[in-house]
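*Asks:*
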Amino acid sequence: MGALQAKENIWYVGVQDPGLRVFDIIMHSDHGTSYNSYIVKGTEKTVLFETSKEPFFEEFLANIREVCDPASLDYIVVNHTEPDHTGSMKRLLELAPGATVLGSGTALTFLKEIVNGPFPSRAVTEKDEIDLGGLTMKFLSVPMLHWPDSMYTYIPELKALFTCDSFGCHYADPRVFNDLIDGDFTPAYKYYFDHIIGPFKDPFMRSALDKIGSLPVEFVGNGHGPVLRSGVQKYFDMYRTWCRPEQRPEKVVAVAYVSAYGYTRRLAEHIHDGLKEGGVRVEMYDLVSDDTAAAKAAVAASDGFLLGSPTLVGDALPPVYEMFLGLNPIIHKGKPAGAFGSYGWSGEAVPNLTARMQQLRLSLPLEGMRVRFCPTQEDLAAAVQFGRDFAKAVRGE
1 MGALQAKENI WYVGVQDPGL RVFDIIMHSD HGTSYNSYIV KGTEKTVLFE TSKEPFFEEF
61 LANIREVCDP ASLDYIVVNH TEPDHTGSMK RLLELAPGAT VLGSGTALTF LKEIVNGPFP
121 SRAVTEKDEI DLGGLTMKFL SVPMLHWPDS MYTYIPELKA LFTCDSFGCH YADPRVFNDL
181 IDGDFTPAYK YYFDHIIGPF KDPFMRSALD KIGSLPVEFV GNGHGPVLRS GVQKYFDMYR
241 TWCRPEQRPE KVVAVAYVSA YGYTRRLAEH IHDGLKEGGV RVEMYDLVSD DTAAAKAAVA
301 ASDGFLLGSP TLVGDALPPV YEMFLGLNPI IHKGKPAGAF GSYGWSGEAV PNLTARMQQL
361 RLSLPLEGMR VRFCPTQEDL AAAVQFGRDF AKAVRGE
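Residue numbers for the sequence shown follow UniProt numbering, so the first one is 1 and each next one is one higher.
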């Protein structure tokens, strides 16, 4: 495809990967992706933003050479060190020995373990400005978008913001620029936000949007997908909309369970009644007959959740463990959770589920509830109270 001039002083030297269908093991990429990289030339200095995924190095290098000799690079800016953006760094540095790598302190720490060798570097902060000759690089600290190392680079003279993974998507197109692409990549843009940026939207993405809110921006050099050089505010506004906290009139508790003989189901039904009496809305899922994907989404989105399973062969059942796959200890730390279930021989299901909840750093306001075989009337009354008490915890009472 070759290098493309994006606007005055900016060249696109990234590569397209249209055949990719799975990204980072778990994300679908039905339209492939791209590994975007840019060269900016001032009157005195030349800078490269990001590199490429390592298997594409030769194509990436050829694109650079259409714009400049790699040996003439003065700076390489690393806004984010994930290997799809830094995989070519080691080989590139061999051809650009005079280039200084710029990044956050965290980024440079990570990069040293990716390159596994010394290289000229400088950690930059929001206090730093670097003159390229008629162009100035300024830096914005935006950690956790979506790694701790992330930053943005702003060149006010070009009204250009280089953001790496923010404001991108997995969508390959040889036309590269959003004003030239006639297909609608909004679904891919939203899917990317939901899976990459969305988990960190509060407070990290919201804070980043506040930082760039007053900046004149006409060009966004993102790390994946169509490069934004037209209608940029539209894409910022999408992020603002998606980052708004959901306004719910009441707290929601998700209850997901399986039941072999109906005993755990009885507990779930009585816990449900107690939750409602406690003043929360309940979304309940039988993981044998209901949509497990919907249940997993409800668990992740809930204000608190309860999982129920009998003990079979010394453990909880796989459909219940699947509910944990939408959770992580960074985003869901402190979410109220709990476990319940019936058992016959040994009763490991509830403590095993509780142990996983502890690993995820969830809040466990109540001891897990378990009964042996068929619950008695006293057990069922205790299940109602269990629901009431959990509702109080979710409501912060």
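Ideal placement from N, C-alpha and C gives every residue a C-beta, glycine not left out.
Source: prediction; values computed, not measured.
Beta-carbon separation of HIS224 and SER34 under 8 Å?
*Replies:* Here residue 224 refers to the residue found at position 224 when the sequence shown is read from its first residue. Here residue 34 refers to the residue found at position 34 when the sequence shown is read from its first residue. Cβ atoms of HIS224 and SER34: closer than 8 Å.
*Asks:* Using only alpha-carbon positions, find the residue among ALA393, ARG206, ALA339, ASP210 that is nearest to VAL255.
*Replies:* By one-based count along the sequence shown, residue 255 stands at place 255. For the residues ALA393, ARG206, ALA339, ASP210, the minimum Cα distance to VAL255 belongs to ALA339.
*Asks:* Do PRO216 and VAL176 have their C-beta atoms within less than 8 Å of each other?
*Replies:* Numbered from its first residue, the sequence shown carries residue 216 at position 216. Numbered from its first residue, the sequence shown carries residue 176 at position 176. No. Outside cutoff.
*Asks:* Measuring CA to CA, which of LEU360, LYS112, ARG266, CYS164 is closest to TYR321?
*Replies:* Here the question's residue 321 lines up with position 321 in the sequence shown. Looking at the Cα atoms, LEU360 is the closest of the given residues.
*Asks:* Should GLY347 and THR376 be called a contact, given that it needs their Cβ atoms to be closer than 8 Å?
*Replies:* Working through the sequence shown from its first residue, we reach residue 347 at position 347. Working through the sequence shown from its first residue, we reach residue 376 at position 376. It is not a contact, given that the beta carbons lie outside the stated cut-off.
*Asks:* Which stretch, first to last residue, makes up the beta strand (DSSP E) that contains ARG372?
*Replies:* Counting from one through the sequence shown, the residue named residue 372 turns up at place 372. Taken as a continuous stretch (DSSP letters only), the beta strand (DSSP E) holding ARG372 covers 369–372.
*Asks:* Compare the beta carbon distance of LEU353 and SER309 with 8 Å and say whether it is the shorter of the two.
*Replies:* Sequence index remark: in the sequence shown, residue 353 carries index 353 (1-based). Sequence index remark: in the sequence shown, residue 309 carries index 309 (1-based). Yes, the pair counts as a contact, with Cβ atoms nearer than the cut-off.
*Asks:* How long is the line joining the alpha carbons of ASP194 and MET151, rounded to whole angstroms?
*Replies:* The residue labelled residue 194 in the question sits at position 194 within the sequence shown. The residue labelled residue 151 in the question sits at position 151 within the sequence shown. Computed Cα separation, rounded: 20 Å.
*Asks:* In terms of alpha-carbon separation, which member of PHE57, THR100, THR109 lies closest to SER88?
*Replies:* Against the sequence shown, residue 88 aligns to sequence position 88. For the residues PHE57, THR100, THR109, the minimum Cα distance to SER88 belongs to PHE57.
*Asks:* Would you be able to state if there are at least three C-beta pairs under 8 Å between the stretch 268–284 and the stretch 327–337?
*Replies:* no
*Asks:* Considering only residues of the same chain and omitting the five flanking positions on each side of residue 445, which have a CB-CB separation below 6 Å?
*Replies:* This structure cannot speak to residue 445, because the chain is shown only from 1 to 397.
*Asks:* Tell me which residue opens and which closes the beta strand (DSSP E) that ALA160 is part of.
*Replies:* Indexing the sequence shown from 1 puts residue 160 at position 160. Start and end: 160–164.
*Asks:* CB-CB under 7 Å to VAL394, same chain, minus the five flanking residues each way: which ones, in chain order?
*Replies:* In the sequence shown, residue 394 corresponds to position 394, counting from 1. Answer for VAL394: LYS251, VAL253, VAL280, ASP303, GLY304, PRO336, listed in chain order.
*Asks:* Is it a yes or a no for the stretch 174–192 touching the stretch 116–132, going by three-plus beta-carbon pairs under 8 Å?
*Replies:* no
*Asks:* Just checking, does the stretch 366–375 make contact with the stretch 286–294 on the three C-beta pairs under 8 Å criterion?
*Replies:* no
*Asks:* Would you be able to state if there are at least three C-beta pairs under 8 Å between the stretch 262–281 and the stretch 42–49?
*Replies:* no
*Asks:* Less than 8 Å between the CB atoms is what I'm expecting for VAL13 and SER37, so what's the real figure, rounded?
*Replies:* The residue you call residue 13 lines up with position 13 of the sequence shown. The residue you call residue 37 lines up with position 37 of the sequence shown. Rounded, the Cβ-Cβ distance is 5 Å, consistent with contact.
*Asks:* Give me the DSSP bridge partner(s) of ASN222.
*Replies:* Translated into the one-based positions of the sequence shown, residue 222 becomes position 222. DSSP lists CYS164 as partners of ASN222.
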